[in-house]
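K.L.:
First residue of the sequence shown? That's 4 in the working numbering, and the numbers climb one at a time after it.
For each residue, glycine too, the CB sits at the ideal point set by N, CA and C.
Since this is a predicted model, take the numbers as computed values, not measurements.
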Amino acid sequence: MLLDDTHDKGGVRFINLKIIFINMNNCFVKFKRGKQNQLILNAILKAGSERKLETKLGIPHQTIHDYKNESCNIPLDRVKLILKYINKTYTSIKFDIEDLYPENWGRVKGGKNSYLIKVQNGTFKANLSLLKLSSSKRMKAWHKFMKMNHLDEYHKIQYGRFKKIGGYKYKDNRGQFVRNKWEQKLSNLIVSKNLDYEYEPLVLIDKKAYFPDFKIKNILIEATMWKGYLKVDRLRTKIKNYRKDGFIPLIVVPKEYKKFYRSLGKSVIDFNEFNLFLNSIVQKCL
């Protein structure tokens, strides 16, 4: 739609052209002050009362009252309905219109204003925290329900979510995509030994899901490059549970990082030791 905004400056008339792209079937009409009231009063006068106009046009009485008081803008389709009722055309009121707003204008403006007010009075962060807490409670309830009533389906959903996290940017010599260069290096070593492996399989132990990086027969391999002690406790729990269920756990780390994992004992090996371990498996298969 093309609207013009004319004004005088120093005796010279300027015309500013403003192009507005909106859906004409879903917009609101903003009338110049007093013009909306005049339009509604003409319709009320013809109907006899606001109540009778409600019956004639199907517009709620309170809404008609709000339109009359110009406390809200009127949707374009209702403007056309009212014009038809009082035997007027849209062209006849085009100079009474100040602007047209898209359907979601009120929600966008209201949302921005609400955000600014909350930021100013310091309640925005508090409200956001409450929303996060509420969402957290719902998620905890969902996890509990699924574990108690649909455990198999729950594990499938969690496995699907796990596979979407982090991305798989590297490909090994078998064509398997893995998460990082360290996994790629270990994977290529396994492939070079002609050993079959599973990548990030779903392993259930005591109704709990685990996703080791590699699985070769009954050997579960975790590949980590974490420099520090933060992952040690979590890995210690994994090692304990893997062994409890009859698996052989291996934590493969770069040689320079082994010092961080000494408390985990012989389960932690570096690349060269992993190579020797794989060779022993190959020898047993011969």
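Would you mind working out which of 173, 75, 243 sits nearest residue 268, comparing C-alpha positions?
P.N.:
Within the sequence shown, numbered from 1, the residue matching residue 268 stands at position 265. The option with the nearest alpha carbon to residue 268 is 243.
K.L.:
Nearest to residue 159 by alpha carbon, out of 100, 205, 76?
P.N.:
Here residue 159 corresponds to residue number 156 of the sequence shown, with the count starting at 1. Selected option, being the one with the closest Cα: 205.
K.L.:
From residue 199 to residue 288, what does the alpha carbon distance come to, in whole angstroms?
P.N.:
For the purposes of this step, residue 199 is identified with residue 196 of the sequence shown, where counting begins at 1. For the purposes of this step, residue 288 is identified with residue 285 of the sequence shown, where counting begins at 1. The straight-line gap from Cα to Cα measures roughly 12 Å.
K.L.:
Mind checking residue 221: buried by the 16 CB within 10 Å criterion, or exposed?
P.N.:
To locate residue 221, count along the sequence shown from 1; it is residue 218. Exposed, because fewer than 16 other Cβ atoms sit within 10 Å of the Cβ of residue 221.
K.L.:
Quick one, are the C-beta atoms of residue 281 and residue 224 less than 8 Å apart?
P.N.:
Your numbering for residue 281 matches position 278 in the sequence shown. Your numbering for residue 224 matches position 221 in the sequence shown. Against a cut-off of 8 Å, the Cβ pair of residue 224 and residue 281 comes out as no contact.
K.L.:
Just mark residue 49 as buried or exposed, buried being the case when its beta carbon has 16 or more other beta carbons within 10 Å.
P.N.:
By 1-based counting over the sequence shown, the position of residue 49 is 46. Classification of residue 49: exposed, given that the 10 Å Cβ count is below 16.
K.L.:
Exposed or buried, what is residue 252 when buried is set at 16 or more other beta-carbons lying within 10 Å of its beta-carbon?
P.N.:
Against the sequence shown, residue 252 aligns to sequence position 249. Residue 252 is buried by the Cβ-count criterion.
K.L.:
Would you list the one or two residues that DSSP bridges to residue 78?
P.N.:
Here residue 78 is taken as the residue at index 75 of the sequence shown, counted from 1. The partner list for residue 78 (beta bridge, DSSP) reads 31.
K.L.:
Could you pull out every residue in the same chain whose Cβ sits closer than 8 Å to the Cβ of residue 214, ignoring the five residues on either side in sequence?
P.N.:
Taking the first residue of the sequence shown as 1, we reach residue 214 at position 211. If we look at residue 214 and ignore the five residues flanking it on each side, its Cβ neighbours are 162, 165, 203, 204, 205, 206.
K.L.:
Using only CA atoms, which one of 261, 38, 271 lies nearest to residue 99?
P.N.:
Here residue 99 refers to the residue found at position 96 of the sequence shown. Considering only alpha carbons, the answer is 38.
K.L.:
Cα separation between residue 111 and residue 76?
P.N.:
As a first step, residue 111 must be located in the sequence shown, where it is residue number 108. As a first step, residue 76 must be located in the sequence shown, where it is residue number 73. With a pLDDT of 47 at residue 111, under the threshold of 50, the modelled position of this residue cannot be trusted; read the value that follows with caution. C-alpha separation (whole angstroms): 15 Å.
K.L.:
What distance in whole Å lies between the Cβ atoms of residue 31 and residue 63, which are believed to be in contact at a cut-off of 8 Å?
P.N.:
In the sequence shown, residue 63 corresponds to position 60, counting from 1. In the sequence shown, residue 31 corresponds to position 28, counting from 1. In fact, because the Cβ distance is near 17 Å, the residues do not count as touching under 8 Å.
K.L.:
Give me the Cα-Cα distance between residue 59 and residue 88, rounded to the nearest whole angstrom.
P.N.:
As a first step, residue 59 is located in the sequence shown; it is residue number 56 there, counting from the start. As a first step, residue 88 is located in the sequence shown; it is residue number 85 there, counting from the start. If you take the alpha carbons of residue 59 and residue 88, they lie about 9 Å apart.
K.L.:
Mind listing, in chain order, the continuous alpha helix (DSSP H) runs of no fewer than 4 residues lying wholly within the stretch 180-267?
P.N.:
184-195, 235-247, all fully within the stretch 180-267.
K.L.:
For residue 279 and residue 196, what's the separation of their Cα atoms in angstroms?
P.N.:
On the sequence shown, residue 279 is found 276 positions in, with the first residue counted as 1. On the sequence shown, residue 196 is found 193 positions in, with the first residue counted as 1. Taking the straight line joining both Cα atoms gives about 11 Å.
K.L.:
Can you name the residues that DSSP bridges to residue 105?
P.N.:
Residue numbering aside, residue 105 sits at position 102 when the sequence shown is read from its first letter. Per DSSP, 30.
K.L.:
How big is the Cα-Cα spacing for residue 283 and residue 232?
P.N.:
For the purposes of this step, residue 283 is taken as the residue at position 280 of the sequence shown. For the purposes of this step, residue 232 is taken as the residue at position 229 of the sequence shown. Between residue 283 and residue 232, the C-alpha separation is close to 30 Å.
K.L.:
Just verifying my parser: in three-state terms, what is the DSSP assignment at residue 100?
P.N.:
Residue mapping note: residue 100 aligns to position 97 of the sequence shown, counting from 1. Residue 100: strand per DSSP, three-state reduction.
K.L.:
Look at the alpha carbon of residue 275 and the alpha carbon of residue 210, and state the distance between them as a whole number of angstroms.
P.N.:
Against the sequence shown, residue 275 aligns to sequence position 272. Against the sequence shown, residue 210 aligns to sequence position 207. Straight-line Cα distance between these residues: approximately 35 Å.
K.L.:
Sorted by chain position, which residues of the same chain lie with C-beta nearer than 7 Å to residue 84's C-beta, five sequence neighbours on each side aside?
P.N.:
Counting from one through the sequence shown, the residue named residue 84 turns up at place 81. So the list reads 60, once near-sequence residues are dropped.
K.L.:
Cβ of residue 219 within 8 Å of Cβ of residue 238?
P.N.:
Stepping through the sequence shown from its first residue, residue 219 is reached at position 216. Stepping through the sequence shown from its first residue, residue 238 is reached at position 235. No.
K.L.:
Can the beta-carbon of residue 71 be found less than 8 Å from the beta-carbon of residue 40?
P.N.:
Along the sequence shown, one-based indexing puts residue 71 at 68. Along the sequence shown, one-based indexing puts residue 40 at 37. Yes; because the gap between Cβ atoms is below 8 Å, this pair is in contact.
K.L.:
Could you pull the DSSP bridge partners for residue 173 from this structure?
P.N.:
In the sequence shown, residue 173 corresponds to position 170, counting from 1. Answer by DSSP bridge pairing, in chain order: 181.
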